[in-house]
Each structure stands twice: as C-alpha cells, then as structure tokens.
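I have placed the structure first, in the form of structure tokens, so that the comments after it can refer back to it.
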C-alpha cells in the first residue's frame, strides 16, 4: 500500500516537474537569448545562443502595452518554440510580411490581451525598431484555413498561437491570430527608446480603451 | 521578467474583456463539457481537504501529530495551487459564449472539421471510337443530413471537351436539360430552386473548369447529374492519349484583392482580384483525402476503346489498370476499382509498330450538312539541326511544392542534357519574382552546364505564381552588335516552360505571349497530378510550340525525350490546306483556319462543314531548308463518324474567341450563343439547366448550401502555409501532477487515520 502510494507520489511529482520544466526553460532560455541577440547585433551575423542550438535569434518583439519583450528565433520547429517564439516567414525587406508563432503556454500567453489599436514593435538585426499596430484578432481553424501569404498586404505582422488559451489539449486545431500593420507613427515615437514606451503604457492603454468604448 | 508582468496583466484584464470578434464560437454544450470535466478537481479538492482537516483536529496529540500537521500544511498549499491553476480554466469556459458567430466554412462551433453533408460519387464512362471520345460523367450527390441541401461543385473537364448534354436523375425520374444563354439559365435555375423544385445547372467558368449546382436534394436522398461530353483523342508519335481529369490544383490569383470586406472563406480560398475577377468561382476549397467521407470523392472509370485497328498495348501512366480485349475493342478499368479523385486518370494506347496510322478521314451528315474530319501525319522531314538558344523557365511557386518540383527539376536536368556545344542557354525560375541564372543566354560549355545543374538541384518551391514577368524575361530580345546579330539570325530560339499552370489569369497571359513572342517558340511541359491543361495547350499554341504532359518521375523520360527530339528536328511551316471544290464557304468553315506549324510526329487535324466526301484533300508546307512538302488524302475512303458537328461547332466558337482576342475586342457573344444553342453545346455564354415540373420542398423548410471541396492533387503540398502547432503539454502535466500529489496526500492522511 505504502509502496503504491510512494509510486503515485513520485510519478505525480515527476509530472509536475516536467510540466514546470517547460515554462522554466522558456524563461531561462530568453535570458540566454538576450546575450546571443546582443552578440548577433554587434557582429551582424547569426549567432547561436549555445553551441548545439539549431536555431538563432532573428528579431526582438516587444509589446509595450503589456510590458513584455522577447527574442524571436528562426524556424517554428519544436526546438525553437521551446525557447522563444519562432519566425515562420522572413524579416528580410522593410515591407515584408512577417509571421511569428509562439507557444500559448509560455511566450505568447499575453497575446490574449492584445486588442486592435495596441502597439507592437519588432527590432531587426540592424537594431532598427519597426512599429506595428494591431488591426485585428481572430480565431482560425488550422485544418481548414491556411496562411495565404500572397493575399496579406505588404508590411503585415502576424502573431500566431494556439487557442483556447486555457485549454489542456496540446493538439487542438484552433489558432489565435493577431494581425498588425506597419505604423510609422509608432516607429517615430519609438526612437526615444523602449523603456520610455513601457512607462507610457498606462496612458496609452487608457486612450485605447476610450477608442474601443466608442 | 515576462511572467511577472504577465500575471499582473491578468488582473488588469478581466476575462470578460471584449471577446475577439469574428471568432469561431463554441456552442454552449461544448463549453459545458469543459466545465464538467475541468471543474471536478476543484470541487472535490476543498471538500476532501476540509474533511481531512476536521478529522486531524479531532486526533489526539502525539509525536505523529507534528508530521500530520506538516502534511496538512503541504496539502493546503497544494490545494491552493490547484485551485489557482484550475480557476482560469472554468472562468474561461464560462465566458466567451458571446463570441460572434463563426464565419468559417466547414467548421462547427467546436472548431471541428465538418465533413460536407453531401457525399459525392462520380462515374466516368468513356467510349472511344476512332479519334473521338464520347464520355458520360455521372455525378451523384447523396444527402446524409436531415436538411434540404443545395450542392455546389467546381470540377475540371478535358481542356477541349464539348459538353452537349445534361440529364438529372431523381429516383426513377429523368429530367433532360437544355441549353440556355447563361444569364437566362441562371434565372431559370434560381426560380426553380426558390420554388422548391428539383433543378440542376452546369456552367463553364474556364474552358476546362465548370460549376455544377444541384438544388433541393431531399434529406437522405440522392440526386445524380449526368453530363455528356466529347473530346478529340490526342495522337502523337504513334501514341494515343486520353485524360479524365479529377481535380484542380489550387490556382494563384495575381493582382490586388478586390474585397475589402472580411475574408469569408466561403466557396473557396480565393477572393476576386483586380486581375482575376472570378477568382472565387474557380477556386473551390481543397482538402486532403482524409478530410472527406470514406465513400466521397471516389470515381468509377470505364474506358471502352474501339480504335479501329489492332492495339499493341493499352496502359495508364497514372493508375494500375486491368484491360480486357474483345477483337478490336478494349475495355479498361482501374485495378483498384474506384479511384480517389486526387489524380487525373490518363490512358494511352498504341498500335503495333509499323501500323501507326498516317492519315484518317471521318464523315458525318447532320441536319443535311456534311462534316468531315481529317487527320494527316506528315512523314519525317530530314534532319538539319540548327544551333539553338534554349531558355528553360521553371515554376517554383508554392503550388509546385512536393512531388511537382521534383518532377520539374528532373525534367530540367533532362533538358540540359540535350544541349550541344554551340547552343546557348539560360535557366529562369519564377515564383513571386523571376530570377535568371545568367544575365543573358550563355554558351553551353561544361562550366556553364555544371553551374546550371547545381542551380537546378537547389530549386525550392515557395511563393506566388507571377508568370507575366517571367515570360517577359524569357521572351525578351537582347540588343546585340551587328556581328553577333548575323550569328544569331540563324539561331532557333526556344523557350521550355515547366509549370502546373495553376494561375487564374490565363487569358491575360495568352495575350502577353502573342504580343511578345517574336521569333521565339514556346514549349510547355505540364507537371503534377492535376495540371491546368487548358493553359498548357493554349500557351503552347499561342507560342507556336507544342505541349507535353508528364505524369510522374517514372513516366517522365518518354514524353520528354519525344518533346526534345521534336524540338531539335526541323519544323514544317506555312501549312496550306485545300479542300476539294475550294469554295469560299468551305474555306471559311474549315478549322483551324490558320494551321500552326507542325513538329515531328504531330498530326495535322482539320474539320470542315459543307464538303462532301469526294475528291482529295491536299496539304502543303515548307521545310526549313526552303524545300516544299506536299501530301494529299483521298476523301472517298472516309469512315462514318459521330459528333463531328459538335467538334466543328466547338472549333468555330474557339476561332471566334481567338479572333476577338487578336483584335482586342469583345467576342461576338450573340453569334457564339446562337451557334452553341443550335448544336446544343456548352460555351462561355451558354449553360445547361434541367428543371423538374413539380415542387418537392415545402417553402417553410430551409435549403442549406453545401460547397463541395475538391481533393488536393496527389503528391502536392498545400499551397499555403499551415498554422504550426503552438501548445505544449505543460499545463496538462502540471494539473495532473498537482492532482496526483493531492490524491496521495489525501490517501496518506486517511491511512494514518485508519491505522494509527
């Protein structure tokens, strides 16, 4: 009896540890990625966060209203998504379409609080920040709808994560898509730096709330 | 840190905050299920915990009391954690019902893919006699739902098919359809549909893309629509070929989307664009085989071939077939029974070596008029090879991803092998933008060829299908110095265009080819399981070249070797056809009016009205060296044929459309309509409609529309990006772990209570 109890305790504890490992890894990895990102900006090359990594930082995404920023990695395979949001489509040209996907349990959890009008910023390797403004959020079924990249207007940023946010099912078909467009005003405001933006955020939030209230 | 900011935001944004608009709303019952399952742990937890707590209070103090108190503390904290963790689950589960109704098609409130309520069956019955293949295509729509349904299905037919009949079968009754001008047919159909009567309509969207609509299919019942069409068997190098197309490769629609309104994703994935105004009509939803019912989208195929001569072999490069021979008549069926409609069914037959027909004449009298169809294969003209300038254009757009790009790469490598020293060549790939290997065509030296091979082996398929700039790049004439010009004047300029033709703006591209062609010749190679054969054939015709299709990697070398051989051999030009009697009327009524050039092994086909089967048809042409070539055909030996009038009418309509294109005018709509109605034919301006007399659906019961999807062509990857998997098992594992620990704590406490 006590042996089976012990077994139950250990297996549950293992499950808990494995479960907690995912968010912990996501948090710790972002710290390491910050270093790699600084390095790749300094050297203007792809620099891997750790020698055996099969991905590298390609951009930095910031959500001023939600006060978070994170390093975006190349590719959307399981390895890269465990450490940060992954970029599905290029950050090459200034007006190129960017599609970034992230785990809903970790990095892209805050996506549920993004609303049309919110601001997003993306930093390229050259250090330049590009401002975006959320134009729409919607829920799609990944089996019946694809990302039709030809029909997205130039300068679109898509953030993709799983939906519903609090579901336990890891293989669900629904995706939450945040669509944002390039906003030059946001970029100008941004030159002052991200930190001032973060401080400004409550004011911005209020303003948006009133807009939404109309 | 990200997570701290996150949790603070949690409180700032209540869960009842504005739900996302345009979301797929989950129906209440789904949410209830969530609540039931997820809320079990918390409701159990405080309860069980409370009991344990009170019991431990009642226990006498002792040395084990400290341990117990410690256990209590631990389980209290774990219960707290569990409640905190699970709380958002049912909080979320209870809100969000006010999400606006889902606009997604084929997806129910649970976000589950919904199979269309209609099950589609197809039956091809093709009878070949001589050069004409007459097909009956029965589409069966079985309604598996409890509602009345209207079925909409977009489907392909052979690119030169003349559709001449429509019959609708409801139970035991058969209703014969008739040809009406397009707008009138639409009205007839819609009136009947709204009145609750059985009705069916088939209209032409492209010469090879049609839409069928069937109204008022009763719940649990079946309505079938039979289409009759005929087509000419293709004959080349002693091999006859016939195709039964089954599906469409999703097409790329260039131009800016017209609809500013939210994407509806209703009928298909495309919205009309500035360059393709009917994009939504030709792009049905494309799904995987696994996404339709197990008995839907299956086709039974039967070919009965009476070639008029003994056949050496009948085979299919696309499917395994079983053949049965009875004298001259061969019956062909797929070995596997019904085929899945994700790959075109191609069948080829071949007479014994040395017995390949060199000429054939068929005659038919229809409504007092004589119709003659003549086929003539010119003999081999000598081999005088000229130095060439060969440009390979390869489509690397997203629709080519998968098996198609492998085929195209292989085909291009084969093409590079045909280059000889002295030839010039270039390789151009295109998707959203074209990219050329060399700035201008280079000599075929070992070095350049090695570079080209490497370039080709690294080609990947991704992006859009912007054909126009690629064609312009391939067809441009380079400015050269006088000396080079003299050298270049004898050079044969050829463009090999490898693509699946998955574009919606065919017409604009034909115009461009016609304008920019110059002294080039354009050869098209159709790649993939379901290429747009109409585009391939017409592009080659406007490009004064020829068209070849390949089925798979194994089948590739044969057709391509023939194509490259034909490209190397000289071409017969200035072909003149003279019918006996040579009246003006006969000249005007013989088609094609301007015969194109003839490549080696290609037959010359002519159809004429008003010429009796007497005298001789004489054909003459010019060889590239300057020599003349002439052949005549005795018309008295004409065999009797059927359907020649329809073939003639179709050619006449095509010729009227061609004239309009060359002159840049609107086609003569009235004349085409008149011609189509007289010969009972489908055309861009006429549709078939069949309407029952008596209403069957009561006006109070609703009619739901079901847009049937087509299957993704075999071996191809979805043209667009799939959404990635973006969730982990972490929440599940944390919840299970906490639950397990809670349970063990409870058991441990109980054990202590039972055996102190």
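Protein chains in written order, with this note's numbering: chain A, 147 to 360; chain B, 362 to 1117. Backbone N, C-alpha and C fix where the C-beta goes; we use that ideal spot for every residue, glycine too. It should be emphasised that the depicted structure is a prediction, and the values quoted were computed from it without experimental measurement.
Local Cβ density within 10 Å of residue i, reported as buried at 16 or more and exposed below that
i	result
residue 1009 of chain B	buried
residue 378 of chain B	In this prediction, residue 378 of chain B has a pLDDT of 36, which is less than 50 and means its spatial position is unreliable; nothing more can be read from the coordinates.
residue 305 of chain B	Residue 305 of chain B cannot be examined here, being either before or after the span of chain B that is shown, 362 to 1117.
residue 588 of chain B	buried
residue 788 of chain B	buried
residue 577 of chain B	buried
residue 509 of chain B	buried
residue 768 of chain B	buried
residue 381 of chain B	The pLDDT assigned to residue 381 of chain B is 40, lower than 50, so where the model puts this residue is not dependable; a value taken from the coordinates is nonetheless given after this. The residue in question, residue 381 of chain B, is buried, as its Cβ has 16 or more Cβ neighbours within 10 Å.
residue 862 of chain B	buried
residue 158 of chain A	buried
residue 152 of chain A	exposed
residue 246 of chain A	buried
residue 918 of chain B	exposed
residue 766 of chain B	buried
residue 689 of chain B	exposed
First and last residue of the uninterrupted alpha helix (DSSP H) at residue i
i	result
residue 508 of chain B	Where residue 508 of chain B is concerned, there is no enclosing alpha helix (DSSP H), given that its DSSP letter is neither H nor E.
residue 699 of chain B	Note, residue 699 of chain B: premise wrong, no alpha helix (DSSP H); not H, not E.
residue 1014 of chain B	1005 to 1024
residue 897 of chain B	894 to 903
residue 1034 of chain B	1030 to 1039
residue 768 of chain B	764 to 778
residue 251 of chain A	Looking at the DSSP string, residue 251 of chain A is not in any alpha helix (DSSP H), and its letter there is neither H nor E.
residue 684 of chain B	Taken as a continuous stretch (DSSP letters only), residue 684 of chain B belongs to no alpha helix (DSSP H), being part of the beta strand (DSSP E) at 682 to 687.
residue 808 of chain B	807 to 818
Bridge partners - residue i, DSSP secondary structure assignment
i	result
residue 789 of chain B	B:754, B:797
residue 887 of chain B	B:860, B:910
residue 429 of chain B	According to DSSP, residue 429 of chain B bridges with nothing at all.
residue 516 of chain B	B:571
residue 178 of chain A	In the DSSP output, where bridge partners are listed per residue, residue 178 of chain A has none listed.
residue 855 of chain B	B:751, B:882
residue 565 of chain B	B:571
residue 709 of chain B	B:602, B:676
residue 275 of chain A	A:269
residue 989 of chain B	B:983
residue 504 of chain B	B:479
residue 170 of chain A	DSSP output for residue 170 of chain A lists no bridge partner at all.
residue 223 of chain A	Residue 223 of chain A pairs with nothing; no bridge assigned.
The beta strand (DSSP E) enclosing residue i, as first and last residue numbers
i	result
residue 1052 of chain B	1047 to 1056
residue 676 of chain B	672 to 676
residue 667 of chain B	659 to 667
residue 923 of chain B	Taken as a continuous stretch (DSSP letters only), residue 923 of chain B belongs to no beta strand (DSSP E), being part of the alpha helix (DSSP H) at 918 to 929.
Closest Cα partner of residue i within the set the options
i	options	result
residue 1068 of chain B	B:1112, B:573, B:588	B:573
residue 672 of chain B	B:717, B:657, B:648	B:717
residue 818 of chain B	B:749, B:853, B:837, B:774	B:774
residue 995 of chain B	B:939, B:950, B:813, B:1032	B:939
residue 225 of chain A	B:684, B:1111, B:758, B:1088	B:1088
residue 315 of chain A	B:1093, B:1112, B:532, B:1100	B:1093
residue 963 of chain B	B:824, B:600, B:582	B:600
residue 715 of chain B	B:700, B:670, B:690	B:670
residue 441 of chain B	B:701, B:1110, B:1113, B:1096	B:1096
residue 1061 of chain B	B:655, B:555, B:534	B:555
residue 701 of chain B	B:1103, B:1071, B:1114	B:1071
residue 268 of chain A	A:262, A:254, A:218	A:218
The ligand PLP heavy atom lying under 6 Å from the CB of residue i
i	result
residue 661 of chain B	Only the bare structure without any ligand can be found here, which leaves the ligand PLP out of the picture.
- Query: Name the residues in the segment 240 to 264 of chain A whose C-beta lies less than 9 Å from a C-beta of chain B; which are they?
  - Reply: Correct list: 245, 247, 248, 249, 250, 251, 252, 253, 254, 255, 256, 258, 259, 261, 262.
- Residues of the segment 171 to 195 of chain A with a CB closer than 8 Å to any CB of chain B: list them in chain order, please. The residues in question are 173, 176.
- Message: What are the residues in the segment 550 to 583 of chain B lying within 9 Å of chain A by C-beta distance?
- Response: Cβ contacts with chain A: none found.
- What residues in the segment 425 to 437 of chain B bring their beta carbon closer than 8 Å to a beta carbon of chain A? Cβ contacts with chain A come from no residue of the segment 425 to 437 of chain B.
- Message: Tell me which residues of the segment 1090 to 1102 of chain B have at least one Cβ-Cβ distance to chain A shorter than 9 Å, keeping chain order.
- Response: Residues passing the 9 Å Cβ filter: 1090, 1091, 1092, 1093, 1094, 1095, 1096, 1097, 1098, 1099, 1100, 1101, 1102.
- Could you name the residues of the segment 978 to 992 of chain B whose beta carbon sits closer than 7 Å to any beta carbon of chain A, in the order they occur along the chain? Residues are counted here when their Cβ sits less than 7 Å from a Cβ of chain A; for the segment 978 to 992 of chain B the count is zero.
- Task: Determine which residues of the segment 764 to 777 of chain B have a Cβ less than 8 Å from any Cβ of chain A, and write them out in chain order.
- Result: Flagged: no residues at all.
- Message: What are the residues in the segment 202 to 223 of chain A lying within 7 Å of chain B by C-beta distance?
- Response: Residues of the segment 202 to 223 of chain A whose Cβ lies closer than 7 Å to any Cβ of chain B, in chain order: 212, 213, 214, 216, 222.
- Task: Note down, in chain order, all residues in the segment 153 to 167 of chain A with a beta-carbon under 7 Å from any beta-carbon belonging to chain B.
- Result: Those residues of the segment 153 to 167 of chain A that come within reach of chain B (Cβ to Cβ, closer than 7 Å) are 154, 155, 157, 158, 159, 161, 162, 164, 165, 166.
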